[in-house]
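K.L.:
Let me begin by handing over the structure; questions about it come next.
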Amino acid sequence: MASTITIKWGTKDIITNGIYLGLSVLFTSVLAYLFNGANGLNTNIKFSYSLLTIVGGFASLLSLWNLLKAKNGYSDIVIDHDKVIVKNRSLGYKEDFEFEISDLKSLTIIEKSESWVDNMIDPLLYQMTSKRYGFHLFVALKSKEGVSKLFPQAKLSSEELKSIADQMQQKIKEIKV
1 MASTITIKWG TKDIITNGIY LGLSVLFTSV LAYLFNGANG LNTNIKFSYS LLTIVGGFAS
61 LLSLWNLLKA KNGYSDIVID HDKVIVKNRS LGYKEDFEFE ISDLKSLTII EKSESWVDNM
121 IDPLLYQMTS KRYGFHLFVA LKSKEGVSKL FPQAKLSSEE LKSIADQMQQ KIKEIKV
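Counting from 1, one number per residue, gives the positions in the sequence shown under UniProt numbering.
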């Protein structure tokens, strides 16, 4: 009898990011219109409009970036007598892992940086705030083939990952016995 665990993961503020994007585009559009219509106004006012338009453009780009980075998905973990199957599903992302239970060495949580920009900025932020920002936690299966990250797109807290790893280890022990 197979045991199944379903994990829903992802960014909960996709709607909020969409609202931010809409408002920042509206703000930028209004400021661009005011800047284009400021022909007879003082140079200081024109300069203020241009700076605010540039700031609005950056806000629009950041909102768009956050909206594109946001992901919602789920993972199904099927633990059978012989193997473990992990199916990750999200918009534009599909990845399956399959492992023989006898080949598994351990189930651990690893920490890895998200990007090269995070590698450069994180030490500076750590010195200023004593918090680490650019790192991502993964549940990893160590097998004969190497280390495989199970939920690479999921942004889960360490407590959630620990409970998932504990549940998986418990199910694997139940199946082995």
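Where a beta carbon is used, it is the ideal one built from N, C-alpha and C, also for glycine.
Comparing alpha-carbon positions, which option in E159, Q167 and S3 lies nearest D80?
P.N.:
Within the sequence shown, the letter at position 80 stands for residue 80. It is S3 whose Cα lies nearest to the Cα of D80.
K.L.:
Within a Cβ cutoff of 7 Å, which residues of the same chain sit near A32, ignoring the five residues on either side of it in sequence?
P.N.:
Locating residue 32 in the sequence shown gives position 32, where the first residue counts as 1. Taken in chain order, the residues that qualify are T53.
K.L.:
Among residues of its own chain, excluding the 5 on either side of T6, which ones have a beta-carbon nearer than 8 Å to its beta-carbon?
P.N.:
By one-based count along the sequence shown, residue 6 stands at place 6. So the list reads Y74, S75, D76 and I77, once near-sequence residues are dropped.
K.L.:
Is K71 helix, strand or coil by DSSP?
P.N.:
In the sequence shown, counting from the first residue as 1, residue 71 sits at position 71. Note: K71 maps to coil in three-state DSSP.
K.L.:
Check the C-beta distance from F99 over to G56 and give it rounded, since I have them as a contact under 8 Å.
P.N.:
The residue given as residue 99 occupies position 99 in the sequence shown. The residue given as residue 56 occupies position 56 in the sequence shown. About 49 Å separates the two Cβ atoms, so there is no contact after all.
K.L.:
Please name the residue, chosen from F35, K83 and G10, that lies closest to I172 on a Cα-to-Cα basis.
P.N.:
Stepping through the sequence shown from its first residue, residue 172 is reached at position 172. Checking every option, the nearest Cα to that of I172 belongs to K83.
K.L.:
Round the Cβ separation of G10 and K71 to the nearest angstrom and send it over; I've been treating them as touching at under 8 Å.
P.N.:
Residue numbering aside, residue 10 sits at position 10 when the sequence shown is read from its first letter. Residue numbering aside, residue 71 sits at position 71 when the sequence shown is read from its first letter. Indeed they touch by this definition, with Cβ atoms about 5 Å apart.
K.L.:
Work out the CA separation of L91 and residue 237 for me, nearest whole Å.
P.N.:
A question about residue 237 goes unanswered here, because the residues of the chain that appear run from 1 up to 177.
K.L.:
In terms of residues, what are the limits of the beta strand (DSSP E) holding G22?
P.N.:
Taking the first residue of the sequence shown as 1, we reach residue 22 at position 22. Looking at the DSSP string, G22 is not in any beta strand (DSSP E); the run it does join, the alpha helix (DSSP H), is I14 to N36.
K.L.:
Is D166 helix, strand or coil when you go by DSSP?
P.N.:
Counting from 1 along the sequence shown, the entry for residue 166 is found at position 166. In this structure, D166 counts as helix in the three-state DSSP scheme.
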